[in-house]
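Asker: Take this structure first; my questions come after.
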Amino acid sequence: MICEICGTDFPCTADSQCWCMQVPHAIPLPAGEAPGCMCPACLERLIRQSRAGEHVSPEQT
1 MICEICGTDF
11 PCTADSQCWC
21 MQVPHAIPLP
31 AGEAPGCMCP
41 ACLERLIRQS
51 RAGEHVSPEQ
61 T
């Protein structure tokens, strides 16, 4: 799988066993069309920004 944000190739099983399903729900999904998958580093960065009170959107990373 290729990360929609940074272009990194990362493993994704696209099912309930995928690594991302083990991440606690920490940020809402963006409104509108859902983005593609994010790599662990980009998802972690979005979660950190959200917890710091910053407005986050995948396009800003």
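Mapping to UniProt numbering: the sequence shown position 61 is 61, numbers consecutive. Backbone N, C-alpha and C fix where the C-beta goes; we use that ideal spot for every residue, glycine too. Bear in mind that the values here come from a model prediction, so they are computed numbers and not experimental data.
1. For Asp9, list the residues DSSP reports as bridge partners.
2. Could you give the first and the last residue of the continuous alpha helix (DSSP H) run that contains Ile47?
3. Roughly how many whole angstroms lie between the Cα atoms of Glu4 and Gly53?
4. Does Cys20 come out as helix, strand or coil in the three-state DSSP assignment?
5. Quick check on Cys6: buried or exposed, where buried means 16 or more other Cβ atoms within 10 Å of its Cβ?
Answerer: Reading it off the structure:
1. Ile2
2. 40-51
3. 23 Å
4. helix
5. exposed
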